[in-house]
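Residue numbers (this note's numbering), protein chains in the order written: chain A, 1 to 519; chain B, 520 to 1038.
First the structure, in the form of structure tokens, and then the observations on it.
Now the structure itself:
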């Protein structure tokens, strides 16, 4: 009656023991994946124990029987009946970007996007009569762990247009947004106790997500262009396993564009240097890039912030973007994380991961026993908007509009900073992407500098709250404990120009008072 | 220039070192949480290392400053601007259940739910003018890790109405559906190498999710009422750490209602026995209960399957449901997983977890660095349907309708089984809940029984495919390797009565031929 003891330890397979690889691409092979491009390297030795153990779901095997024989009557899959889904129809009204023909190279921001609208509708059975390739019955039903292929095909084509991957066997899989994607790829690549490299200042949730899986984090020094390649190289070159108590790091996590919190964007030169170092030392690069399309035109101090230069064609737009790490990757060592949170809406909880088929297949195995797939309602609305509505060009039009609006907001914040902040004790780099400005405050000029960097920073932070302005201190973003200077992160994403100006004026007062400056 | 080595191992805090507990309930305390009910036990010694390490997100601290001082101007939160979300409006048409006043105790199934419809609309700023407590700007924006409180409040009230928890400090938090919830609570309670108990036959994704986190699974023998309490007690009583190579299991995973794959439902007596054993041996119970509301009325062989008995009032309906493990729990040792997949639609990717505040707070810390929250579009449509549309009573009406429709489907399958399957070699228990019938085939009567249980099962399975019917073999669901008999799982969830009859007729032919039976 008592079951026998379960087989002892679960065996940890070598990657080569896993289900046949490379897997088939999840969506149709697209044009650029020509036979002439090289295949990725087999980098499966980077997979964590957890990831290696994952197996293909038995229930997916069941569906393969049905796919092979359309006459087969299946009592196998416990799918609820679509007739019993209570939702009959979903509609959405979406904005439409100004058509490129109206662009004259300048964008006048009026705080609103153009008032053209488009209606989209999803009904239960519209795929049956050919009205839609992806209907509501499909969106409400269980979906493959890849996400809906009708949307994924669009995203893969978009990725190809923008990033032009240089190896043949790349693929995309949908995620629940970049926070979910981060947890997924961290668990795929990191065993407890492994070292992981990243920028010295990071979004707190990155560190908060890595700590529970017991990754040892090392922040690499940054400059105006983000993570310093010379520091990265030196760290890896001089790595001492004994002193560090662990093997050389095999994972680099970076936010190369509009980094949060520093607002820095890596130049192409910097990206190439970092990529080459990762080739030399065999690192996997996690490219977390939600702000990629929020790359902005030049800031002209004092100019009207509401007039923004825009590219005249989508081709010009795509060419103007600094190449991603993915686009430099010839070996399949970049895992790129894209999200709809900053280019559509965070509530979609939908994004996608791009990498080699080998790695994408491992994400799929994880999705099947976790997220499963992004919300079908999110995918249905995105499909209606992107695939049935805008198309690839219309989506790029939207992105051009969007970045112009964020450029306007950035310019308004920078104008306020030029006007109200005391240059004697602080400076900043104009961010060329993202949502943040990083204010560098010279603590050596502070009367209480002897209390140390962190004490000065905290004093300014608290004086800010006293003076009714909340700007986050650098300490909240620091990976290692020793700060070299005082920093503050200000965002221009969601506050009106008027409130930004008032907030910055208050912060200027705080700095003047704290540093004993008087006009 | 080189950063100093990161602090060695991350310290693993005792639960008492964590942020102050018990945390505040995420939603308003509801009536039943009276001062008279006892508090839960502190069972935090069950938390995994991973879960103990989790900390409150710094960015949540930032938002608390804003909450305290409405005059504070914040440049802190990097939230995108709702004005720049491309979706202006979302509408849905939802079914409405027959009002209870039309119930006469019998339900005539016509394959369609009643054709009453309701329109719901979510626009960007309708909360500002008081039209909605949860508008589209909110649904599309970043949300707390609890999920939208406007929907969560409804779910907590629903949980209170149906399950009437017996301790004071219980709470709910939203999940991405039960597959996601399973991954979350597994990681919260299980360290690699820990033993976990469950039914001897489980949904494959349960085992596929547990293997990568290196849980050692033990399946407990089942009978017609599911997991046997005597087997459970004996296993725990006789646990030998040395022989087993590990401490006594501290987690029991069960699907008490309409279990997948066996279709079994635990009686109240069985549930009480199991709960008491878990109290004695200090186990946490994961109650995965997606089929709870698909409890069905009696099956009368030969009767018209389309006429189904239904309760005349919602009170009668709720009283007719077998009590959940949650409702028996006086100590906070049950983590209950509810999902919209079977009662609304799987594509929502939305569910909720109920347990003690202590445990719910740990789920929240995980959500913040993973799922974040369910799709805002899913939550908006559910909110419009449940909160602004149906209300608590209307939702129960819907569930009464839904279970009548599934009862009809079950009856149709059972009719076909009565007609076509050879009782000489197989039998089954009429399932009182869920979506599955478990067919027990007596392999000792099979001509090739000497090949063993698994060989006979596989032979029948393959002969089925040959004869154009796919019914899944017991082996696919078995936790341990030794099977005592041949089983097949048939579902009545999504196939028409006609196709079910044809499939079962084909399976009957397979059995007759395989066992050498001739009419």
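Even for Gly, the Cβ is constructed at its ideal location relative to N, Cα and C.
Predicted model, so just to flag it, every value in this text is computed and none were measured.
- Residues of the segment 560–573 of chain B with a C-beta atom less than 8 Å from some C-beta of chain A are 568, 569, 570, 572 and 573, listed in chain order.
- Bounds of the beta strand (DSSP E) holding residue 354 (chain A) are 351–356.
- Beyond the five residues adjoining it in sequence on each side, residue 126 (chain A) comes within less than 7 Å, by CB distance, of 132 and 135 in the same chain, given in chain order.
- If you draw a straight line from the Cα of residue 743 (chain B) to the Cα of residue 784 (chain B), it comes to about 8 Å.
- Residue 330 (chain A) and residue 86 (chain A) do not touch by the CB rule: their CB atoms are close to 50 Å apart, not below 8 Å.
- Per DSSP, reduced to three states, the secondary structure at residue 902 (chain B) is helical.
- Counting of Cβ neighbours within 10 angstroms places residue 779 (chain B) among the buried residues, the total reaching 16 or more.
- Linking residue 285 (chain A) to residue 899 (chain B) through their CA atoms gives a straight-line distance of about 36 Å.
- Close partners of residue 491 (chain A) in chain B (Cβ separation under 9 Å): 593, 594, 595, 596, 597 and 598.
- In this chain, residue 198 (chain A) is not harboured by any alpha helix (DSSP H); it is covered by the beta strand (DSSP E) spanning 195–199.
- Residue-level contact by beta carbon holds for residue 85 (chain A) and chain B, with a gap shorter than 8 Å.
- Ranked by Cα distance from residue 568 (chain B), the options A:453, A:311 and A:192 are led by A:192.
- The segment 407–417 of chain A makes no contact with the segment 148–164 of chain A; the number of CB pairs closer than 8 Å stays below 3.
- In the displayed model, residue 239 (chain A) falls within coil according to three-state DSSP, outside both helix and strand.
- At a cut-off of 8 Å between beta-carbon atoms, residue 435 (chain A) makes contact with chain B.
- For a Cβ distance threshold of 8 Å, residue set 86, 87 and 88 of chain A lies close to residue 613 (chain B), ordered along the chain.
- Using beta-carbon distances, residue 1029 (chain B) does not count as an interface residue toward chain A, since no partner is under 8 Å.
- The residue from B:703, B:589, B:720 and B:576 with its alpha-carbon nearest to that of residue 957 (chain B) is B:720.
- Taking 7 Å as the cut-off between beta carbons, the residues of the segment 763–779 of chain B near chain A are 763, 764 and 779, in sequence order.
- Interface annotation, residue 62 (chain A): in contact with chain B, CB-CB separation under 8 Å.
- Residue pairing by DSSP places residue 45 (chain A) opposite no residue, since no beta bridge is assigned to it.
- At least one CB of chain B lies nearer than 8 Å to the CB of residue 342 (chain A).
- Sequence-distant Cβ neighbours of residue 565 (chain B) in its own chain, meaning closer than 7 Å and more than five residues away, are 708, 769 and 803.
- Those residues of the segment 369–382 of chain A placed with their C-beta closer than 9 Å to a C-beta in chain B are 369, 370, 371, 372, 373, 374, 375, 376, 377, 378, 379, 380 and 381, ordered along the chain.
- Scanning its chain for C-beta atoms nearer than 7 Å, with the 5 sequence neighbours on each side dropped, one finds around residue 993 (chain B) the residues 720, 976, 1002, 1005, 1006 and 1007, in chain order.
- For residue 997 (chain B), no CB of chain A lies under 8 Å from its own CB, so it is not counted at the interface with that chain.
- The continuous beta strand (DSSP E) containing residue 945 (chain B) extends over residues 945–947.
- Against residue 204 (chain A), the close residues of chain B are 576, 577 and 578, in the order they occur along the chain (beta-carbon pairs closer than 9 Å).
- Think of a sphere of 7 Å around the beta carbon of residue 808 (chain B): no beta carbon from chain A falls inside it, the nearest being about 15 Å out.
- Non-local C-beta neighbours of residue 505 (chain A) in its own chain, meaning closer than 6 Å and more than five positions away in sequence, comprise 420, ordered along the chain.
- The continuous beta strand (DSSP E) containing residue 957 (chain B) extends over residues 955–960.
- For residue 1030 (chain B), same chain residues with a beta-carbon under 8 Å away, outside a window of 5 residues either side, are 940, 941, 944, 945, 960, 979 and 1036 in chain order.
- The residue from B:988, B:1018 and B:1016 with its alpha-carbon nearest to that of residue 1028 (chain B) is B:988.
- The DSSP-derived three-state label of residue 337 (chain A) is strand.
- Taking the C-beta atoms as reference points, residue 169 (chain A) is found nearer than 8 Å to residue 40 (chain A).
- Within the segment 715–803 of chain B, complete alpha helix (DSSP H) segments of at least 4 residues are found at 723–729, 748–756, 760–763 and 787–799, given in chain order.
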